[in-house]
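According to my numbering, the stretch in the sequence shown is residues 1 to 136, in order.
Heads up, the beta-carbon is just placed ideally off N, CA and C, and yes, glycines get one too.
One structure below.
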Amino acid sequence: MSDERRVGIVLVSHSAAVASSVAELAQGLAGAGATVPVAPAGGTESGDLGTSADLIAAAAASVDRGAGVAVLTDLGSAVLTVKALLAEGDELPGNTRLVDAPFVEGAVAAVVTASTGADLAAVAAAASEAYDYRKV
1 MSDERRVGIV LVSHSAAVAS SVAELAQGLA GAGATVPVAP AGGTESGDLG TSADLIAAAA
61 ASVDRGAGVA VLTDLGSAVL TVKALLAEGD ELPGNTRLVD APFVEGAVAA VVTASTGADL
121 AAVAAAASEA YDYRKV
């Protein structure tokens with residue numbers, strides 16, 4: 001399946017480098033054949049640390065294929081910025097969901113699940129379930 005009807009993933013971090021690296025990691029672990037639309041939205045337009053509503057909205061628009069957009073965030077103000085965009089109602093594509101998930105593990109789970117053609121609810125659930133991953 002192409003990415004035409006796949007769920008899109010937006011990774012919002014206070015750091016452009018972190019957002020890009022997590023996107024690269026998640027796409028790499030999903031496998032060479034996976035064509036999930038993933039966009040990092042890190043930092044500010046000037047390259048500083050922080051979050052940008054404009055960068056988040058642009059990233060969401062770039063991954064929207066009509067199957068929904070899952071947004072994962074790193075820290076507090078990233079969450080608040082996404083919540084504000086969702087509350088405005090017209091800044092993000094319809095069927096955009098803020099997903100409560102750990103940033104790295106959740107991103108990997110979301111991209112891997114989206115690569116199977118799963119719907120937005122399944123992608124969000126897989127990302128959220130990453131809270132249960134134990135390392136010991």
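Cβ neighbour criterion (16 or more within 10 Å) applied to G106: buried
Check this for me: beta carbons of L138 and A19, under 8 Å apart or not? Residue 138 is absent from the structure shown; the chain starts at 1 and stops at 136.
What separation, rounded to the nearest whole angstrom, lies between the Cα atoms of A30 and A23? 11 Å
Would P40 and V69 qualify as a contact pair, given that the criterion is a beta-carbon distance under 8 Å? no
At which residues does the beta strand (DSSP E) containing L98 begin and terminate? 96-98
Bridge partner(s) assigned by DSSP for P40: L11
Between A130 and S46, what straight-line distance do the alpha-carbon atoms span, to the nearest angstrom? 32 Å
One question on the structure: do A84 and A110 come within less than 8 Å of each other, judged by their Cβ atoms? no
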